[in-house]
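Protein chains: 2
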Amino acid sequence: MPITKTEQFRAKEIRLSRWAKALAHPARVAILRTLAKRNACVCGEIVEVLPIAQATVSQHLKELKEAGLVKGTIEGPSSCYCLDNEAITEMAGDLNVLFDELAGGCAEASCSTKGKSK
Amino acid sequence: MPITKTEQFRAKEIRLSRWAKALAHPARVAILRTLAKRNACVCGEIVEVLPIAQATVSQHLKELKEAGLVKGTIEGPSSCYCLDNEAITEMAGDLNVLFDELAGGCAEASCSTKGKSK
DNA sequence: TATCTTTATCGTAAAGATACGATAAAGGAA
DNA sequence: TTCCTTTATCGTATCTTTACGATAAAGATA
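Just so you know, the protein sequences line up as chains P and A, in that order. If you use this note's numbering, the first sequence corresponds to residues 31 to 148, in order. If you use this note's numbering, the second sequence corresponds to residues 31 to 148, in order.
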């Protein structure tokens, strides 16, 4: 992205793509699912489950925190992570609005019957 | 991704992250929404709407085609794109399964009450 | 045939994402 | 205090994404 054109898109689309980007790596999806299953858990438990190094897990957790999907609190020497329920509901809502917009988008025949356009 | 560890995650998580990656750029969200609004349209119409160059739009369209969300057919000198309704339904379904799994994931108090773990 | 229009692809540059080892930071245990 | 455990961060390497100009490809048009 040479000069980052992101700002020139609509806020709605930027918002949606940000949610999507948070989910755009299997490790982050796995982290979220793990947190959901255990209700909450320390970083170490996630590291054990995933096939990646501790530093990498920590980095993915940071991204999820920045996306707002996960909250982390310090628990003595370790730290406890859990899902942000409101954010997840918000994300699900936003994406479902998109899915509704896209539903029934193509009439299948609309392509082959158009010879001209513009 | 030095040696791409993607294969080591579960198929479910890889699948979800692939859907998400397709939506992880505002241009691609905008393209999908444009296609939905117009039912189908030629590449040139999309280029006019978006704040990016024609080559870049073509590249995003290619990614959407590879993700399976969009179908393209040649229409004389131009080409006609439209949404793949089944794929979009599938994507919406997959992601909503995830959202359900994540719903109610954190009891809020679960962090501060845990002193030990592992 | 020569030319125009439209789109895909190539080549390339720059930014971002991903991964990991090493190390710092901070609380708990001895 | 000293050491251990746990996690975040730094530094770095590499791959991927994004973007664009230039050009090729292919049908329409004159």
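By construction, the Cβ of each residue, glycine as well, lies at the ideal position given by its N, Cα and C atoms.
Annotated three-state conformation of P:G102 is strand, per DSSP.
A buried status is given to A:D114, since no fewer than 16 other beta-carbon atoms sit within 10 Å of its beta-carbon. The straight-line gap separating the alpha-carbon atoms of A:A50 and P:L53 is approximately 6 Å. Contact between the region 65 to 73 of chain A and the region 89 to 108 of chain A is present: three or more C-beta pairs spanning the two stretches fall below 8 Å. Here P:S88 is exposed: its Cβ has fewer than 16 other Cβ atoms, across all protein chains shown, within 10 Å. Taking a contact to require three or more Cβ pairs closer than 8 Å, the region 55 to 66 of chain A and the region 54 to 69 of chain P do not qualify as touching. For A:V77, DSSP assigns no beta-bridge partner whatsoever. Residue environment for P:A66: buried (at least 16 other C-beta atoms within 10 angstroms of its C-beta). Taking C-beta atoms as the reference points, A:F129 and P:A97 fail to come closer than 9 Å. In chain order, Q84, V87 place their CB closer than 7 Å to the CB of P:V77, counting only its own chain and leaving out the 5 sequence neighbours on each side. At a cut-off of 9 Å between beta-carbon atoms, A:S47 makes contact with chain P.
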